[in-house]
Each structure stands twice: as C-alpha cells, then as structure tokens.
Amino acid sequence: MKKIIVVFAILALGMTACATSTTSSAGTKVNVAGGSYTNVTSAQLKTMLAQKDFYFVNVHIPYEGEIEKTDAFIPYDKIGENLSNLPADKNAKIFLYCRSGNMSTIASEELVKRGYTNLWHLPGGMIDWERAGFTLIRK
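FYI, the numbering for the sequence shown is 110 to 248, going by the working numbering.
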C-alpha cells in the first residue's frame with residue numbers, strides 16, 4: 110500500500126483540512142480528524158452498485174442530476190441537521206456523492222466528526238461518472 114499526504118483548502122468555508130490516505134484495490138482510505146472515509150473510482154462504484162449494500166446519498170445543491178439507485182438527496186451543508194434521514198446505525202455503509210466531489214468531501218468529513226464509521230465517497234462526483242462513460246439521470 111502506498112501512503113499519500115493530501116492537503117487541500119476548502120475555499121467555500123475558508124478553512125484548511127489535512128488528510129492522509131492509503132490506497133488499495135478496494136479504494137483509498139482517507140483519514141481525517143475523528144476517523145476516515147473511503148474514496149472509490151467511478152468504475153469501482155459501478156461494480157458496487159451491481160450488488161448495492163449501502164445507503165446512497167446525493168449531497169449536491171442545487172440538483173444537477175443523479176446516479177441510478179440514489180436513496181436520498183440531502184444538501185451537503187445541511188447533512189448534520191438531517192441525520193434522521195440517514196441510517197440510525199453509525200456503522201451502516203453510507204455512500205456520498207455530488208457533482209464534482211467537493212460538497213461530498215465536506216459532507217463526508219462532517220459525518221466522520223459525528224461518529225459515522227463506514228463512509229464511502231466518489232471524489233470526482235457526477236463529472237467523473239459521466240467521463241467514465243456512465244449515465245446520469247436528469248429530471
């Protein structure tokens with residue numbers, strides 16, 4: 110496994126976050142303050158959707174499309190106020206995505222801070238999903 114240090118600025122919130130990540134065939138584990146979440150590629154997500162065993166949440170605002178089998182739409186900046194819309198078990202597998210990965214990164218980090226332990230994330234979002242040749246639903 111390869112360890113990578115990732116430093117990024119979340120300009121919309123005016124703060125800096127640091128994370129370490131470990132890459133494996135199952136995705137990239139991203140360690141943040143309080144825990145971790147796992148990044149996967151669009152191809153990995155497509156495989157996961159074939160045997161879906163997770164709660165699938167689009168956190169992008171405003172609505173710009175969705176990936177098939179999405180279970181819920183929760184605005185990224187309101188995720189903490191909508192915990193009742195997530196599985197009650199904080200160990201349940203939850204997958205977050207948005208248009209580009211920025212909003213879902215913020216939401217993932219917020220859920221980690223709140224004790225969720227089995228979070229998955231599409232860092233390239235719906236943009237990467239479409240670039241990989243997969244279809245988006247637009248209503």
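Each residue gets a CB set at the ideal place from its N, CA and C atoms; glycine is no exception.
Endpoints, the alpha helix (DSSP H) within which residue i is located
| i | result |
| --- | --- |
| Val221 | 211-222 |
| Thr150 | Careful: Thr150 lies outside any alpha helix (DSSP H) and carries neither H nor E. |
| Asp237 | 234-240 |
Backbone CA spacing between residue i and residue j [nearest angstrom]
| i | j | result |
| --- | --- | --- |
| Lys155 | Ile236 | 14 Å |
| Lys112 | Ser145 | Note that Lys112 scores a pLDDT of 37, beneath 50, so its modelled location is shaky; the value from the coordinates is reported in the next line. Their backbone Cα atoms lie some 14 Å apart in a straight line. |
| Gln160 | Tyr206 | 18 Å |
| Leu231 | Lys187 | 19 Å |
| Ser151 | Thr179 | 15 Å |
| Lys248 | Thr226 | 32 Å |
| Met157 | Leu195 | 19 Å |
| Phe163 | Phe204 | 7 Å |
| Glu177 | Leu245 | 7 Å |
| Gly220 | Glu173 | Checking the sequence, you will find Leu at residue 220 rather than Gly. Distance between the alpha carbons of Leu220 and Glu173 is about 23 Å. |
Opening and closing residue of the beta strand (DSSP E) in which residue i lies
| i | result |
| --- | --- |
| Leu228 | 228-230 |
| Ile203 | 203-206 |
| Gly90 | Residue 90 cannot be examined here, being either before or after the span of the chain that is shown, 110 to 248. |
| Val168 | Val168 -> no beta strand (DSSP E), and no H or E assigned at all. |
Residue i - DSSP class collapsed to helix/strand/coil
| i | result |
| --- | --- |
| Lys112 | Low confidence applies to Lys112: its pLDDT is 37, below 50, so where it sits in the model is not reliable, and the reading given next is rough at best. Three-state DSSP puts Lys112 in a strand. |
| Glu190 | helix |
| Leu245 | coil |
8 Å contact criterion, which residue i and residue j should meet: CB distance rounded
| i | j | result |
| --- | --- | --- |
| Trp229 | Lys202 | 7 Å |
| Arg208 | Gly234 | 5 Å |
Those residues which DSSP pairs with residue i across a bridge
| i | result |
| --- | --- |
| Ser145 | Asn140 |
| Phe182 | Asn167 |
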